[in-house]
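Student: Chains as they are written, first to last, in my numbering: chain Y, 1 to 208; chain B, 209 to 634. I have a structure here, written as structure tokens, and I will follow up with some questions on it.
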Amino acid sequence: MAYSSDQIEVMNSIIKRYPRSRSAIMPLLHYVQSLAGFVTNEGIEEIAMLLELETAEVTAVATFYTQYKRRPVGEYHVGVCTNTLCAVMGGDAIFAALKDHLGVENDGVTADGKVSLEHIECNAACDYAPVVMANWEFYDNQNVESAKDLVDSMRKGTPKPPTRGPNSLVTWKEASAVLAGLNDGKANEGLQAGEPTLLGLKLSKEGK
Amino acid sequence: MTKLAPVLSAHWDEKDSFTIEAYTRHGGYKASAKALAMDPDAVIQLVKDSGLRGRGGAGFPTGMKWGFIPQGDNKDHYLVVNADESEPGTCKDTPLLMANPHVLIEGCIIACHAIRAKHAFIYIRGEVTHVVRRLNQAIEDAYKAGHLGKGIDVVLHVGAGAYICGEETALLDSLEGFRGQPRLRPPFPAIAGLYARPTVVNNVESISSVPAIVANGAEWYQAMGTEKSKGTTLYSLSGHVNNPGQFEAPLGITLREILDFAGGVRTGHKLKFWTPGGSSTPLFTDQHLDVPLDYEGVSAAGSMLGTKALQIFDETTCVVRAVLRWTEFYKHESCGKCTPCREGTWWLVQILRDLENGVGTEADLAKLLDLCDNIMGRSFCALGDGATSPITSSIKYFRDEYIAHLTNGGCPFDPVKSTLFSGANA
Chain Y
1 MAYSSDQIEV MNSIIKRYPR SRSAIMPLLH YVQSLAGFVT NEGIEEIAML
51 LELETAEVTA VATFYTQYKR RPVGEYHVGV CTNTLCAVMG GDAIFAALKD
101 HLGVENDGVT ADGKVSLEHI ECNAACDYAP VVMANWEFYD NQNVESAKDL
151 VDSMRKGTPK PPTRGPNSLV TWKEASAVLA GLNDGKANEG LQAGEPTLLG
201 LKLSKEGK
Chain B
209 MTKLAPVLSA HWDEKDSFTI EAYTRHGGYK ASAKALAMDP DAVIQLVKDS
259 GLRGRGGAGF PTGMKWGFIP QGDNKDHYLV VNADESEPGT CKDTPLLMAN
309 PHVLIEGCII ACHAIRAKHA FIYIRGEVTH VVRRLNQAIE DAYKAGHLGK
359 GIDVVLHVGA GAYICGEETA LLDSLEGFRG QPRLRPPFPA IAGLYARPTV
409 VNNVESISSV PAIVANGAEW YQAMGTEKSK GTTLYSLSGH VNNPGQFEAP
459 LGITLREILD FAGGVRTGHK LKFWTPGGSS TPLFTDQHLD VPLDYEGVSA
509 AGSMLGTKAL QIFDETTCVV RAVLRWTEFY KHESCGKCTP CREGTWWLVQ
559 ILRDLENGVG TEADLAKLLD LCDNIMGRSF CALGDGATSP ITSSIKYFRD
609 EYIAHLTNGG CPFDPVKSTL FSGANA
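Here it is in structure tokens:
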């Protein structure tokens, strides 16, 4: 697909954030991912052209980082933390149940293109374990049933909202645009903190 | 009994705590105004005097790091904030930034002034969409309010899923637009960092601690903590406890005290092993409940304070399974640059899998330790070193459990019992 002049303008504005243009490669990859849903060859070629690099140099970066996908994922990309703490507390059971429930393997996408599944590493929310992410939004304190309900809601097109995140779950493409640094106006939505985050503060106010 | 001491977390319980209005309501951006009116060297001295040490794991004195930046060299200087929080168990910077991104921005302004930098970059991991939103909005609002854009610019850079980018030189390579792979030191970033220019790389919590130090003075900060570990810090308690969460306390508090606050290990169970500062810090057991959790105390007991990520595991958890999973993580995240780490972590996984499945032999334990010996200290960065920590410490404390896997012909534990929703909690 050819990029529109508006899209090229966004890409140029991303490049202008940095003293040296090559630094823009990561946000540009997030941005082309937000347009096609994954990093396409066209996206790599466009970035190479804008940054005056070889396509091989851009491909080298795109393939190093796991968040850049080289083939389509679901509209809702679900990650189950199976690093040690979440795994032990239920992440392994959740991941196994979701594979079975969705009929996909790790990195698989459902036939309707709605949900893809991946096991992920520690996502910095261990006090909310077991943790599931969708489009990199937090779904805290999950269990097998709640995780199945979550993916069912996605397949019906009415995904449950994140536990700490915006009022509703954005799509994979929309989330990728946020990661490219574009403001979707949802920063003020949702909780400032969940209960575990506030526990020490609460106890301190009680004199502990 | 140590008392909790919320400073960073003081206003997190207000619904709008992440907005510039809330931050300003509590005196926000007054510290940066005060610092900007000071001589930069005086700001560095103030941070040195406070005793603040790096909160990202290594504990290097923050003021001293700032002081390493050459002055009058007519080069651009950079501040880079490491917000790539990915060490397993670590979950402090993410809630901090979700609840109060402005404190980091104000810290950036003060640090930039001190080290004579015009540009700060915040490198945040890419797997936290809402935190990226909050931080991006906060930067926009700080520009609108005139705190940024008058000589100091802050740019948010979003990573894309690579643990190695939490290593400061890999982070710099990534920020320059390359694969994130560590650099050989020297030269250190203070001399040749981002774009080969003098650069300070600090953790989110370190920089976020600076505004309160400037506002209240070095003596106020010095009064908290222990002899060589000053101030307050975020301890993140997770795992098999009744009430996990963030506990901001003076350095030197013990796990026994924190567990007391958290209602103890989950009811009906007992503490088996724990990490003081993430998976790269050697495991502790129930013998270490009274170790002061400061840089010296944890180190004297054979581990590292690290990121103060206290992951608690009770007696239902198989230590071999836990260590195997961490090792699989290190193998996956090894960037592949250095042979001992790339090949070594691969072999560690193979041997640990055999042991967990009960098909190894006792000689494999010696082989594991030998491999660890050949990984430790032999690569550009500490990822490989970190991979050896859970292995060597678990063999030290739980050798019998490894052997039990062999005599049992497999794992003797029921993984269901360690889950939260097994009814094992009843």
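No residue lacks a Cβ here, since even glycine has one placed at the ideal position from N, Cα and C. In this text, all values refer to a predicted model and were calculated from it rather than measured experimentally.
May I ask which residues mark the beginning and end of the beta strand (DSSP E) holding Ser630 (chain B)?
Tutor: Taken as a continuous stretch (DSSP letters only), Ser630 (chain B) belongs to no beta strand (DSSP E), as it is neither H nor E.
Student: Take Asp281 (chain B) and list the residues in its own chain whose beta-carbon comes closer than 8 Å to its own, dropping the five residues that flank it on each side.
Tutor: Pro406
Student: Between the alpha carbons of Pro296 (chain B) and Cys546 (chain B), how many angstroms are there, rounded?
Tutor: 22 Å
Student: Please name the residue, chosen from B:Ala213, B:Gly552 and B:Ala571, that lies closest to Asn582 (chain B) on a Cα-to-Cα basis.
Tutor: B:Gly552
Student: In chain B, what lies closer than 8 Å to Lys173 (chain Y) by C-beta?
Tutor: In chain order: nothing, as chain B lies at least about 12 Å away.
Student: Checking contacts by CB at 8 Å: is Trp274 (chain B) closer than that to chain Y?
Tutor: no
Student: Could you give the distance in angstroms between the alpha-carbon of Leu383 (chain B) and the alpha-carbon of Tyr331 (chain B)?
Tutor: 8 Å
Student: Under the three-state reduction of DSSP, which class applies to Ser146 (chain Y): helix, strand or coil?
Tutor: helix
Student: If you count every other CB in all the chains shown that lies within 10 Å of the CB of Tyr231 (chain B), and 16 or more means buried, which is it?
Tutor: buried
Student: Determine the direct distance from the alpha carbon of Pro490 (chain B) to that of Thr483 (chain B), and round the result to whole angstroms.
Tutor: 7 Å
Student: Considering only residues of the same chain and omitting the five flanking positions on each side of Val144 (chain Y), which have a CB-CB separation below 8 Å?
Tutor: Only Gly90, Ala93, Ile94 and Ala97 meet the Cβ criterion.
Student: CA-CA distance, Pro159 (chain Y) and Lys148 (chain Y)?
Tutor: 12 Å
Student: Taking all protein chains shown into account, do 16 or more other C-beta atoms lie within 10 angstroms of the C-beta of Thr569 (chain B), making it buried, or fewer, making it exposed?
Tutor: exposed
Student: Quick one: residues in its chain with C-beta nearer than 6 Å to the C-beta of Thr227 (chain B), no 5 flanking neighbours on either side, listed in chain order?
Tutor: There are no such residues.
Student: Work out the CA separation of Asn12 (chain Y) and Ser626 (chain B) for me, nearest whole Å.
Tutor: 51 Å
Student: Grab me the residues of Asn616 (chain B)'s own chain with a C-beta within less than 7 Å of its C-beta, minus the 5 sequence neighbours each way, in chain order.
Tutor: Gly566
Student: Starting from Gln33 (chain Y), trace the alpha helix (DSSP H) in both directions and tell me its first and last residue.
Tutor: Ile25 to Ala36
Student: Using a Cβ cut-off of 9 Å, pull out every chain B residue sitting near Val88 (chain Y), in sequence order please.
Tutor: Gly447, His448, Phe521, Thr524, Thr525, Cys526, Arg529, Ala530, Arg533, Pro623, Ser626 and Thr627
Student: For chain B, find out if any of its Cβ atoms is closer than 8 Å to the Cβ of Met154 (chain Y); answer yes or no.
Tutor: no
Student: May I ask you to report which of helix, strand or coil DSSP gives Ala48 (chain Y)?
Tutor: In the structure shown, Ala48 (chain Y) sits in a helix (DSSP, three-state: H, G or I).
Student: For Leu392 (chain B), is the classification buried or exposed, using 16 other Cβ atoms within 10 angstroms of its Cβ as the cut-off for buried?
Tutor: With fewer than 16 other Cβ atoms within 10 Å, it is exposed.
Student: Anything in chain Y within Cβ reach of Gly369 (chain B), meaning under 7 Å, just list it in chain order.
Tutor: Residues of chain Y whose Cβ lies closer than 7 Å to the Cβ of Gly369 (chain B) are, in chain order, Tyr65, Thr66 and Gln67.
Student: Assuming Met512 (chain B) is part of the alpha helix (DSSP H), what are its boundary residues?
Tutor: Per DSSP, Met512 (chain B) belongs to no alpha helix (DSSP H) and is neither H nor E.
Student: Within the same chain, show all residues whose beta-carbon is closer than 7 Å to that of Lys186 (chain Y), passing over the 5 residues directly before and after it, in chain order.
Tutor: Same-chain partners within the cutoff: Pro166.
Student: Determine, using beta carbons only, whether Ala634 (chain B) comes closer than 8 Å to chain Y.
Tutor: Bear in mind that the predicted position of Ala634 (chain B) carries a pLDDT of just 35, short of 50, making it unreliable; the figure below should be weighed with that in mind. By this cut-off, Ala634 (chain B) is not an interface position.
Student: Glu456 (chain B) CB to nearest chain Y CB: under 8 Å?
Tutor: yes
Student: Taking Cys543 (chain B) as the reference, give the member of Y:Tyr31, Y:Ala60 and Y:Ser34 with the closest Cα.
Tutor: Y:Ala60
Student: With the cut-off set at 8 Å, would you say Leu198 (chain Y) and Asp221 (chain B) are in Cβ contact?
Tutor: yes
Student: Grab the span of the beta strand (DSSP E) containing Cys81 (chain Y) for me, first residue to last.
Tutor: Tyr76 to Cys81
Student: Would Ala56 (chain Y) pass as an interface residue toward chain B - the criterion being a Cβ-Cβ separation below 8 Å?
Tutor: No, because no Cβ of chain B sits closer than 8 Å to the Cβ of Ala56 (chain Y).
Student: Measuring alpha carbon to alpha carbon, tell me which of B:Asp247, B:Gly235, B:Lys242 and B:Lys256 ends up nearest Lys438 (chain B).
Tutor: B:Lys256
Student: First and last residue of the alpha helix (DSSP H) that includes Leu402 (chain B)?
Tutor: Run containing Leu402 (chain B): none; DSSP gives neither H nor E here.
Student: Please return the same chain residues whose Cβ sits closer than 6 Å to the Cβ of Cys320 (chain B), not counting the five positions on each side in sequence.
Tutor: Leu287, Ala328 and Ile360
Student: Buried or exposed for Pro458 (chain B), going by 16 or more other Cβ atoms inside 10 Å?
Tutor: buried
Student: If you measure from the beta carbon of Ala48 (chain Y) to each beta carbon in chain B, is any gap under 8 Å?
Tutor: no
Student: Give a yes or no on whether the minimum CB-CB distance between Gln279 (chain B) and chain Y is below 8 Å.
Tutor: False, the Cβ-Cβ gap to chain Y never drops below 8 Å.
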